[in-house]
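Anchor point for the sequence shown: position 180 equals 180 in the UniProt record's numbering, and the numbering is continuous, going up by one each time.
Written out below as structure tokens is the structure these notes cover.
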Amino acid sequence: MRIIIFGPPGAGKGTQAKLISDEYNIPHLSTGEIFRSAIKNETPLGKEVKSILDTGDLVPDEKVVGLVEEELKKEKYEDGYVLDGFPRTVPQAKAFDKILKEKNKSLDAFLQLQVPEEELIDRILSRGEGRSDDTPEKIKNRLNVYWEETQPVLNYYQEQDVVRKVEGVGSIEEIFRRIKKALED
Numbered sequence: 001m002r003i004i005i006f007g008p009p010g011a012g013k014g015t016q017a018k019l020i021s022d023e024y025n026i027p028h029l030s031t032g033e034i035f036r037s038a039i040k041n042e043t044p045l046g047k048e049v050k051s052i053l054d055t056g057d058l059v060p061d062e063k064v065v066g067l068v069e070e071e072l073k074k075e076k077y078e079d080g081y082v083l084d085g086f087p088r089t090v091p092q093a094k095a096f097d098k099i100l101k102e103k104n105k106s107l108d109a110f111l112q113l114q115v116p117e118e119e120l121i122d123r124i125l126s127r128g129e130g131r132s133d134d135t136p137e138k139i140k141n142r143l144n145v146y147w148e149e150t151q152p153v154l155n156y157y158q159e160q161d162v163v164r165k166v167e168g169v170g171s172i173e174e175i176f177r178r179i180k181k182a183l184e185d
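Right, dumping it as structure tokens:
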């Protein structure tokens, strides 16, 4: 099963992706986790990404696509995965389609977590990750970047008829039950 979990910052993608990974025994690939690890370890990629993220902007498409493509070559992804934080732009989505086509695979589901903006801001401020961009102003910028640059990805996948909308408000368990139902439908 190949799944994309999609939604704005603070929607709960990482939390739900881990549950999906456990439930369906598929690996969870989070571009954010890869970037955070690189930043923490002060790798060249980490230093470059940190300066981009500190402004609240998105990492360039080529860099993200290359990273994901390289990661997906690993054997553990052969039988499926849940992608979290990728694709974030239409060019990334098109590049991902090309990766799938080359492997003769297809996307099974695009799960869109729907959460009101006020809830997103509250969640991000309360999660206490201590990210340099977790201030109300930078969060609003990240959400604006999301709506402008990332929302078109939803439209792109709606044309492929793989989008499953999931209400992302409630307990973690309630949201996960909705996700399982969406995947079974």
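For every residue, glycine included, the Cβ atom is placed at its ideal position computed from N, Cα and C.
What you are looking at is a predicted structure, and each value in this text was computed from that prediction instead of being measured.
Along the chain, where does the beta strand (DSSP E) containing residue i start, and where does it finish?
i, result
"Y81", "Y81 to D84"
"R36", "Here R36 belongs to no beta strand (DSSP E); instead the alpha helix (DSSP H) covers T31 to K40."
"I3", "R2 to F6"
"V166", "V163 to E167"
"L107", "Neither: L107 is in no beta strand (DSSP E) and is coded neither H nor E."
How big is the Cα-Cα spacing for residue i and residue j?
i, j, result
"N41", "I34", "11 Å"
"Y156", "K13", "19 Å"
"E159", "E78", "26 Å"
"L183", "R164", "8 Å"
"V90", "R142", "17 Å"
"K181", "I20", "12 Å"
"I23", "S30", "Strictly speaking, residue 23 in this sequence is Glu, with Ile absent from that position. E23 and S30: Cα-Cα distance of roughly 17 Å."
"K63", "E48", "10 Å"
"P44", "D185", "43 Å"
"H28", "Q114", "20 Å"
"K50", "M1", "32 Å"
"D84", "N144", "19 Å"
"K98", "P8", "24 Å"
"E75", "V82", "15 Å"
"P60", "Y146", "14 Å"
"E137", "G66", "30 Å"
Are the beta-carbon atoms of residue i and residue j separated by less than 8 Å?
i, j, result
"A38", "G46", "yes"
"I5", "L111", "yes"
"residue 205", "Q16", "With the chain covering only 1 through 185, there is no way to say anything about residue 205."
"I175", "V162", "no"
"V153", "A109", "no"
"E149", "L58", "yes"
"R177", "G10", "no"
Once DSSP output is grouped into helix, strand and coil, what is the label at residue i?
i, result
"L58", "coil"
"Q112", "strand"
How far does the alpha helix (DSSP H) with residue i in it extend, from its first residue to its last?
i, result
"A93", "V90 to E102"
"P152", "Q151 to Q158"
"A17", "K13 to Y24"
"D122", "E117 to R127"
"S171", "Looking at the DSSP string, S171 is not in any alpha helix (DSSP H), and its letter there is neither H nor E."
"E137", "P136 to V145"
"P44", "P44 to L53"
Taking only heavy atoms of the ligand MG into account, decide whether any of them is closer than 7 Å to the Cβ of residue i.
i, result
"E149", "Although the ligand MG was asked about, the structure shown includes no ligands whatsoever."
Checklist entry - When the Cβ atoms of the segment 99–108 are set against those of the segment 163–177, are three or more pairs found closer than 8 Å? => result No: the two stretches stay apart, fewer than three of their Cβ pairs being nearer than 8 Å.
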